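**Q**
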Amino acid sequence: MEKSSGLVRRLARQAPALCLLLLIAACAKDYPQTTLQPRGDFARMVDDLFRTTVVWATIVFVLVEGVLLWAIFKFRGRADDPEPRQVHGNTTLEVVWTVIPAFILVAIAVPTVKTIFKTSDYATGPGVVQIEVIGHQWWWEFRYPELGVVTGNEMHIPVGKTVNLRMTTADVLHSFWVPQFAGKRDVFPGRYNPLWFKAEVTGIFSGQCAEFCGVQHARMGFKLISETQEEFDAWVARERIGSPLVNAGTVPADTTTPADSAGRAAKLAADSLEQAGRALFSGAGCIGCHAMVGTPLASATSLKGPNLSHVGSRQTLVAGLMPNTEENLRKWLANPDSVKQGTLMVLPKKLTDAEIATLVAYLRSHR
Amino acid sequence: MATSVVDHAPASHHEPHTGIWSWITTVDHKRIGILYGVTAFIFFLLGGIEALIMRIQLMKPDNTFVSPELFNSLFTMHGTTMIFLGVMPLSAMFFNYFIPLQIGARDVAFPRLNAFSYWVFLLGGLFINFSFLINAAPNAGWFGYANLTSNQYSPGLNTDFWVLGLQILGVASMAAAINFFVTIVNMRAPGMKMLRMPMFVWMSFITQILLLLAFPVITIALVFLMMDRHFATHFFLPEGGGDPILWQHLFWIFGHPEVYILILPSFGIVSEILPVFSRKPLFGYTAMVFSGAFIAFLGFGVWSHHMFSTGMGPFADAFFSLSTMLIAVPTGVKIFNWIGTMWGGSLQLKTPMLFAIGMVAQFIVGGLSGVMHSVPPADLQQTDTYFIVAHFHYVLFGGAIFGLTAGAYYWFPKMFGRMLDDKMGKLHFWMMFLGFNITFFPMHFLGLNGMPRRVYTYPGDLNFEFWNQVQTWGSLLLGVSFLVFIYNMWKASRRPADAPADPWRGATLEWLIPSPPQEFNFADVPPVHSATPAWDLRRAGGGTLPEPQRVSGAGIHMPRPSYWPAVTAVGVLVTIGSILFTHAFSQWYFITLTGAAILIYGIYRWAYEPAF
Amino acid sequence: MDAHSHAQGGDHAHPTPGLYFKVALVLFVLTALEVLAYEVGHGRMGADLQRIVEPVVVMLLLVLSAAKFALVAMFYMHLKQDPKVLTNLFIWPLLLAATVIAAMIVIFSYWRVVGAK
Amino acid sequence: MSDAAAHAIEHPTTTGIDSRKVAIWTLIGSECLLFASLISTYLVYKGKSLVGPLPHTESQCMLHGKMQACEPIFSIPLVTFGTAVLLFSSFFVVLALYGAQKGNRKMLITWLSATVVCGLFFIGMQVYEFSHFYHEGLGYTTNLFASTFYTLTGFHGSHVTVGVIWLATLLVMAIRGKLPAGKSLNLEIAALYWHFVDVVWIVIFPVVYLMR
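As they're listed, the protein sequences go chains Y, A, Z and X. Residue 131 is where the first sequence starts when you use my numbering, and the numbers rise one by one after that. Residue 2 is where the second sequence starts when you use my numbering, and the numbers rise one by one after that. Residue 11 is where the third sequence starts when you use my numbering, and the numbers rise one by one after that. Residue 105 is where the fourth sequence starts when you use my numbering, and the numbers rise one by one after that.
As C-alpha cells, then:
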C-alpha cells in the first residue's frame, strides 16, 4: 500500500503537465474550426469551464488507470499459487471512494451552474447587433432586421460588439455553430432560439451546421467575418442596396446608413451586361427562389435560396463548399447536382454555355 | 419447500436434438441462447462492415467512395444494428443461456415465450435489413429526429422500415424482458436470496427493469411517428401545431435508459470474471448491487442531457446537468470495487480476464468524457461532434463489446464443451485493444477541433485528414481482430468436446454441471448458502471438485417443443410490416388483417397446446 | 414462505362479496363527486360555489381519482392481501409514470415561453 | 391456459406466487409507462390545436365544407355512464373470480357474463362517441386535440377489446366446465389485466374529460 500511494502521488503531480501535453498535441496543427482557441466571450467562458473539467478528468484518469495497472503487475499470480486472502469489502474504503468523487463533482458543478445562467437567453442592451438566423436545407440565411440586410452563408459582425442571434429554421432542425465564438444552438421550426457572443478579434472564421438535417448536412458550412466597425458599416451600406427588406418596405430606404443607391441604380440600368443578366435571371427562373438587385421580389419573407444581390463579394459559394471563383460558379450553374448531390437548387431549364457565361459575369459583377 | 427438483412425474418425451426443425421448435433456453448468439453475431459483423465502409469514405477530404445518401444510410443502420441487433441480442444470448444456469433453474419461466422473442427478433432484424435490397435503407439517423422524418423531408420507405422494424424488435425485447424478470424473481434455487444472486444475474435483472420501463415510451413515440407518416396526423409537425421537440423527449426518455440496457449486462459479466480470475470474491458485493440499481434509477432522470443544445432554459439545463453528474458516483463505486477485487488477489491473466480488465480500463475513459458532457455549456461545444462519437464508443465498444467478448471467452467452454485457444485469444485481445484505441481515441481531438458527426465528408482546409486516416487504419486492425476470433471459434469446433465442467475454478452454479449442460441443466440443485456456491463446495471438498457426470434425464419433465411461437412471430411481422403498404396499395389493411389472424390463431393454438 | 400457501388458492384472507360491494358503492360515489366537482367548478351550480371550487378543481379531481385508483388496486386487485412484491411491481412504475408526466408538463411550459420571443 | 396443468408438476416458485401472476403484474407495471407517454402527450398539447372542435370550449371549425362556430365537443353524461359501467365491470369480475375460487360455477358464469357485457357496452359507448365526434367535424387528423385524444382513448379502447376477448374466452371455458377452482388462476390473471384497464380509465376520465 505504502509503495503504491507514492507512485500515485507522483503521477498526480504529473497530471496537469500531461493534460497540457494532450491539448498541445491536439492543437499542434491549425484547425480553423477548433473549439480550443476561443475568439469570443461565450466560447471563452465555455473553454474555461472545459479546461477545469479536463484537469479533473486527467487527474482521475491517471490515478485510477495507474492503480489498475499497478494492481495488474503487482498481483499477477500463477495457477498453483495458494488462494489469496478472501476479502469481501471494506466499508471505510467504500465510503471514501463514494465521497471523494462527490466532492470533485461539486467542484465542477458550481462553476457549471453559474455558466449555464450566464450563457442562457438573449443579450439585451444598447449597441447590441440584432441578427436573425434562418436555417435552410442546406444553407444559412442571416438577416439584420434593424439594418435592412439579408445575406446568406456569410455573417458579418463588428468586432468588440455583442451580437444577438434570434434563430429559427425554414424546414428541418439545424444547429448553428461557430466553434471559436459560441457553443451550438439548435433551431426549430415555428419557434426562436437565442444565442449571443462578442468577437475579440477580426478575421474570417468557419462555422457549420451541427444537427443532422438530411442528404447534404455535411455541406452546410458558413463563414463568420469579424471586422472593424468601419468595415462593417461599409458592408452594411453596400448590402442595403437591393435588399429584400428595404425593397419590401420593412426597413426604410436610408435611415441608418446613407448610400448612393440612386446613383448606383442609374449606372446599373445603363449597363448592357446588367440588362442581359437581369433578363436571364428572370427568364431562366432564378427569380423564383433568389432575390437580386433590381429584380422584383416574389416575397420578402420567404426566400427559398440565398439573396444573391451581392454574391460577387462573398468568400465562398454553395454554403462554404468552394471558393468564390468564376470557374466554380460556372461549374455550379452548369449542374448543381453534380457539385452537391441532392441539393434543392434546381435549374428551371438547362442553360447553354453562353447563358451560363452571361449569368456568371452578371452575378460576379454584383459585389 | 423441497430442495430437490426431481419430480415424480411420468417420463417425458425427449425429442431428438438434430435437424433444422428441432431448432425452429426448440424451447430450450440454451439452444435459444445459441440462436440469439449466432444471429446477433452475424448482425454485429454486418454493422461492423457498415462502419468500415464509413471509415474508408472518411479517410480523405471530399472523398467519393460512397454517395451522401448511402453514407447517411450506413451511419443510421450502423447505429440501429449495433444497438438493437448487435449488443442487445448478444446480451440476450447470455441472459438466455446463463440466467437459468446461474440461478439453478431448469429453464426460464416461459420457455415458449422465449422462443417467440427470438423469432420476433430474427424477423425484425431481417425486415429492417431487407430495406438495403430495395435501396430504401433507413437514412434519418438511429435517433430519427423529427421533423426530418416527416413525409415531406423523408419521402420513400426508408424511415418506414426503421419505424416498423424498431416496433417489431420492441415486441421481442418486451416479451424477453418480462420472461427474464419473472425468471429471476421466481425461479431461483432454494437458498438463493436476492443478495446471493451472482452479479451477472443482478445486472441482468436491472436491465430487464429498464427494458420494461423504457420500451413502452419508444413504442408510443414510434406510433406517433407512424401516424404522422401514414395517417396524416401532426404529432411532430409544426404545420399542424405539433412540436418536433416532443419526439426528442420521448426518444431520450427511452434512449438514455437504453444506454444502460446496453452496458449493465457487461458490468455483470465483468463482475463475474474479475473475482474468478483474481481468485477472490467480488469486493463490496452489496455496494455493487445498489450502485447498479442506483445507476438505473438515475438513468430515468437524465434524458434531457442529450438535448442541451436545444435551448431548454437554464433551470432544465441545471437540473439535468446535476442529475447526470450524480451518476458518476455509483459508476465510480463500480470501477473502484472492480479494482478492489483485483487488489491483493492472485490474478490469472487468461483471455477472459484480459478482456474484462480492458473493459474496466476503457470504460473509465468513457465515463470521464461523460462527466465532461454533463457540463451543459461545454456540451454545447461537444455535442454532435466526434468527441461524442469517441465518448459513446468508449462506453459501448470499450465497455459493452469488450465485456461481451470477455463473456464469450469465459463461457464458451460451458456452452460448447470446447476451450477456445488462449494464445489466439490473447492475440485477439491485443489487436482489438490497439485497434479500438487507435480508432476511437483520436476522435476526441477531431471533435474538439470542430469535426461534426454524421458528415459524409469534410473539406480539406479544416485539417481533419491526418487523424481520420489514423482512425481508418485502426478500424481495419479492429476488423481483422474479429477474424482472429472467428478463426479461434472455428478451430475449437474441430476439436473434440472435452472441456472440463469448470475450467476456471468458477464461483457460480453453472460450473457444477457438465459442459455443455444437459437439457434439464441440474438433476439436483445444490443448496445455496452464499453468492459463491461453487467455491463453497470446492472448499468443503478440500480445494477440488469432482468432475460432474452426465446423468439420465429419466423422470425429469421438460417443456415440449412447439412451433406456435414461430408462427405467432410471423403474425407480429405481417401485422406491423403491413403498414409499409399504406401508400402503395389502398387495400393494405387486408395484409394487416391477415397478420392479425395469424397472430390470434397462433396465440390460441399456443395457449391450448400442452406445455409439457 | 407463508405467502405461498394463500396465493395458491387458500383464499381465506381475500375479501368477501360484501366488501367488494361496499367498494363498488364508494367508487360510484367518488365518480359522482368527480362529476359534481366538474359541474360546480365550471359554474353550472351558480357563481358563488364556482368561486370556491374553481381554484381547487384540478386538485380535487386528482385526489378523487387517486382514491378510486387506490381502492381498485387494493381491493379488486388484491394488493392489500397479496405479497408485497406485487405492490412493488406496480407502485414504482406508477411513480415513475407520474414523474414523467409532471416533468414533461414543466419542461414544455418553459419551452413555449422562450420559443415565443 | 394449459400451463395450469403444467403448474402442478413445476417446482414451487421462489416467491410462492405463480409465475404467470408475477408476469401479468410485470406487464401492468410496464404499461404504466405506455399510458404515461400517451397522457403526457395529450397534456403538453392541450390548448395547442390550431382549429376546432375543442373539448370544452367553443371554437371555429371546419364543418360541412365551411368554417363555422362549433360547440364544445365532450358529452360528460355519456362518458360518465360509460365510466360507471367500466367500474361496475371491475366489481363483477371480482365476484366471478370469487365464484371461480369457491368452485361456484353458477356465480362464475353469471358475473363473468355480466363483465363481458359491461366491456362490450363500454366499447359500444366509445364507438358511439367517436362516430358522434366525427360527425361533429372532429376527424382523427383535424387538430392536435383530436389526434392525441383518439390515440390515448383508442389505445385504452383496444386494451378493453383485448380484455373482452380474453374474458369471453374464459367464459366459454367456464360454460364448458373447463374452469374449475383449481384453474381459477386463469381468471385471476385476466381479472388483474381487466382491473388495470379500469384504473387507466379512472385516470383518463378526470384528466381528459373533466379538467378544462
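Where a beta carbon is used, it is the ideal one built from N, C-alpha and C, also for glycine. Just so you know, these numbers come straight off a predicted model, no measurement behind them.
Could you tell me the alpha carbon to alpha carbon distance between residue 249 (chain A) and residue 152 (chain A), rounded to whole angstroms?
**A** On the second sequence, residue 249 (chain A) is found 248 positions in, with the first residue counted as 1. On the second sequence, residue 152 (chain A) is found 151 positions in, with the first residue counted as 1. Their backbone Cα atoms lie some 18 Å apart in a straight line.
**Q** Assuming contact is defined by CB atoms lying nearer than 8 Å, are residue 517 (chain A) and residue 416 (chain A) in contact in what I supplied?
**A** Here residue 517 (chain A) refers to the residue found at position 516 of the second sequence. Here residue 416 (chain A) refers to the residue found at position 415 of the second sequence. Closer than 8 Å, so yes.
**Q** Nearest CA to the CA of residue 353 (chain A): which residue from A:173, A:407, A:278 and A:475?
**A** Sequence index remark: in the second sequence, residue 353 (chain A) carries index 352 (1-based). The shortest C-alpha separation from residue 353 (chain A) is found at A:407.
**Q** Determine the extent of the beta strand (DSSP E) in which residue 326 (chain Y) is found, giving its start and end residues.
**A** Taking the first sequence and counting its residues from 1, one reaches residue 326 (chain Y) at position 196. Run containing residue 326 (chain Y): 323 to 328, per the beta strand (DSSP E) assignment.
**Q** Is the Cβ of residue 2 (chain A) closer than 8 Å to any Cβ of chain X?
**A** As a working mapping, residue 2 (chain A) is identified with position 1 in the second sequence. Its pLDDT being 33, under 50, residue 2 (chain A) is placed unreliably in this model, and the coordinates cannot settle the point.
**Q** Taking Cβ positions only, does residue 606 (chain A) come closer than 8 Å to chain X?
**A** As a working mapping, residue 606 (chain A) is identified with position 605 in the second sequence. Cβ-Cβ to chain X under 8 Å: no for residue 606 (chain A).
**Q** Would you be able to state if there are at least three C-beta pairs under 8 Å between the segment 160 to 171 of chain A and the segment 183 to 195 of chain A?
**A** Verdict: no, contact absent.
**Q** Take residue 392 (chain A) as the anchor and find which of A:296, A:441 and A:29 has the nearest alpha-carbon.
**A** As a working note, residue 392 (chain A) is residue 391 in the second sequence. That would be A:441, whose Cα lies nearest to the Cα of residue 392 (chain A).
**Q** Is residue 246 (chain Y) close to chain A, meaning its C-beta is less than 8 Å from at least one C-beta of that chain?
**A** Along the first sequence, one-based indexing puts residue 246 (chain Y) at 116. Cβ-Cβ to chain A under 8 Å: yes for residue 246 (chain Y).
**Q** Since residue 387 (chain A) contacts residue 452 (chain A) with CB under 8 Å, what's their CB separation in whole angstroms?
**A** Numbered from 1 along the second sequence, position 386 holds the residue referred to as residue 387 (chain A). Numbered from 1 along the second sequence, position 451 holds the residue referred to as residue 452 (chain A). Contact holds; Cβ gap of about 5 Å.
**Q** Identify whether residue 52 (chain Z) lies in helix, strand or coil by the three-state DSSP scheme.
**A** As a position in the third sequence, residue 52 (chain Z) is number 42, starting the count at 1. In the structure shown, residue 52 (chain Z) sits in coil (DSSP, three-state: anything other than H, G, I, E or B).
**Q** Please work out which residues of its chain come closer than 8 Å, Cβ to Cβ, to residue 259 (chain X), disregarding the five sequence neighbours upstream and downstream, and give them in chain order.
**A** The sequence position of residue 259 (chain X) within the fourth sequence is 155, counting from 1. The residues are 138, 139 and 142.
**Q** Give me the subset of the segment 217 to 237 of chain A whose CB atoms are less than 8 Å from a CB atom of chain X, sorted by chain position.
**A** The residues in question are 217, 218, 220, 221, 222, 224, 225, 228, 232, 233, 234, 235 and 236.
**Q** Output, in chain order, the set of chain X residues within a Cβ distance shorter than 9 Å of residue 110 (chain A).
**A** Here residue 110 (chain A) refers to the residue found at position 109 of the second sequence. Under the 9 Å cutoff, chain X gives 117, 123, 124, 126 and 127.
**Q** Mind listing the chain A neighbours of residue 135 (chain X)? Cutoff is C-beta to C-beta under 9 Å, in chain order.
**A** The residue labelled residue 135 (chain X) in the question sits at position 31 within the fourth sequence. In chain order: 217.
**Q** CB of residue 67 (chain A) to nearest heavy atom of the ligand NAD: below 7 Å?
**A** The ligand NAD is absent from the structure shown, which contains no ligands of any kind.
**Q** In chain A, what lies closer than 9 Å to residue 70 (chain X) by C-beta?
**A** With chain X covering 105 to 316 only, the question about residue 70 (chain X) has no answer from this structure.
**Q** On a Cα-Cα basis, can you pick out the residue from Y:168, Y:207 and Y:162 that is closest to residue 346 (chain A)?
**A** Position 345 of the second sequence, counting from 1, holds the residue named residue 346 (chain A). Residue Y:207 is the option with its Cα nearest to residue 346 (chain A).
**Q** What residues of chain Z sit near residue 218 (chain X), judged by a beta carbon separation below 7 Å?
**A** The residue given as residue 218 (chain X) occupies position 114 in the fourth sequence. Here the premise fails: no neighbours, minimum Cβ distance about 12 Å.
**Q** Should the segment 316 to 325 of chain Y be regarded as contacting the segment 37 to 55 of chain A, the criterion being three or more beta carbon pairs within less than 8 Å?
**A** They do not touch, by the three-pair rule.
**Q** Would the beta-carbon of residue 626 (chain A) fall within 8 Å of that of residue 201 (chain A)?
**A** Outside the modelled stretch of chain A, which goes from 2 to 613, sits residue 626 (chain A), for which no answer is possible.
**Q** Between residue 297 (chain X) and chain A, is any beta-carbon pair separated by less than 8 Å?
**A** As a working note, residue 297 (chain X) is residue 193 in the fourth sequence. No - not a single Cβ of chain A is within 8 Å of the one on residue 297 (chain X).
**Q** Compare the C-beta of residue 612 (chain A) against all C-beta atoms of chain Z and say whether one is closer than 8 Å.
**A** For the purposes of this step, residue 612 (chain A) is identified with residue 611 of the second sequence, where counting begins at 1. No, residue 612 (chain A) does not count as interfacial toward chain Z.
**Q** Rounded to whole angstroms, what is the Cα-Cα separation between residue 22 (chain A) and residue 28 (chain A)?
**A** Translated into positions along the second sequence, residue 22 (chain A) becomes position 21. Translated into positions along the second sequence, residue 28 (chain A) becomes position 27. If I take the Cα positions, the gap works out to 12 Å.
**Q** Strictly below 9 Å CB to CB, what residues from chain Y border residue 194 (chain A)?
**A** Counting from one through the second sequence, the residue named residue 194 (chain A) turns up at place 193. Going along chain Y, no residue has its Cβ under 9 Å from residue 194 (chain A), so there is no contact; the nearest lies around 16 Å.
**Q** Please name the residue in Y:475, Y:493, Y:465 and Y:494 whose C-alpha comes closest to that of residue 110 (chain Y).
**A** Outside the displayed span of chain Y (131 to 497) sits residue 110 (chain Y), for which this structure offers no information.
**Q** If you reduce the DSSP assignment to three classes, tell me which class residue 416 (chain Y) lands in.
**A** To locate residue 416 (chain Y), count along the first sequence from 1; it is residue 286. The answer is helix: DSSP assigns residue 416 (chain Y) an H, G or I state.
**Q** Output yes if chain Y places a C-beta closer than 8 Å to the C-beta of residue 168 (chain A); else output no.
**A** As a first step, residue 168 (chain A) is located in the second sequence; it is residue number 167 there, counting from the start. Answer no: the Cβ-Cβ gap between residue 168 (chain A) and chain Y never drops below 8 Å.
**Q** Got a sec? Which residues, its chain only, sit under 8 Å from residue 119 (chain X) by beta carbon, not counting five neighbours each side?
**A** As a working mapping, residue 119 (chain X) is identified with position 15 in the fourth sequence. Excluding sequence neighbours, residue 119 (chain X) sits near 126.
**Q** According to DSSP, residue 264 (chain Y) sits in a beta bridge with which residue or residues?
**A** Taking the first sequence and counting its residues from 1, the one referred to as residue 264 (chain Y) is at position 134. Residue 264 (chain Y) is bridged to Y:271 and Y:298.
**Q** For residue 173 (chain X), list the residues DSSP reports as bridge partners.
**A** If you number the fourth sequence from 1, residue 173 (chain X) lands on position 69. According to DSSP, which records beta bridges pairwise, residue 173 (chain X) is partnered with X:164.
**Q** Going by C-alpha to C-alpha distance, which of Y:406, Y:467, Y:418 and Y:472 sits closest to residue 490 (chain Y)?
**A** As a position in the first sequence, residue 490 (chain Y) is number 360, starting the count at 1. Considering only alpha carbons, the answer is Y:406.
**Q** Considering only residues of the same chain and omitting the five flanking positions on each side of residue 158 (chain Y), which have a CB-CB separation below 6 Å?
**A** Residue mapping note: residue 158 (chain Y) aligns to position 28 of the first sequence, counting from 1. Low confidence applies here, because residue 158 (chain Y) scores a pLDDT of 48, under 50, leaving its location unreliable and the question unanswered by this model.
**Q** Please classify residue 493 (chain A): is it buried, with 16 or more other beta-carbons within 10 angstroms of its beta-carbon, or exposed?
**A** Residue numbering aside, residue 493 (chain A) sits at position 492 when the second sequence is read from its first letter. Residue 493 (chain A) comes out buried.
**Q** Using a beta-carbon distance cut-off of less than 7 Å, what residues from the segment 180 to 210 of chain X approach chain Z?
**A** Correct list: 180, 184, 187, 188, 191, 192, 194, 195, 198, 199, 202 and 205.
**Q** Going by DSSP in three states, residue 251 (chain Y) sits in which element: helix, strand or coil?
**A** Along the first sequence, read from residue 1 onward, the residue named residue 251 (chain Y) stands at position 121. In the structure shown, residue 251 (chain Y) sits in coil (DSSP, three-state: anything other than H, G, I, E or B).
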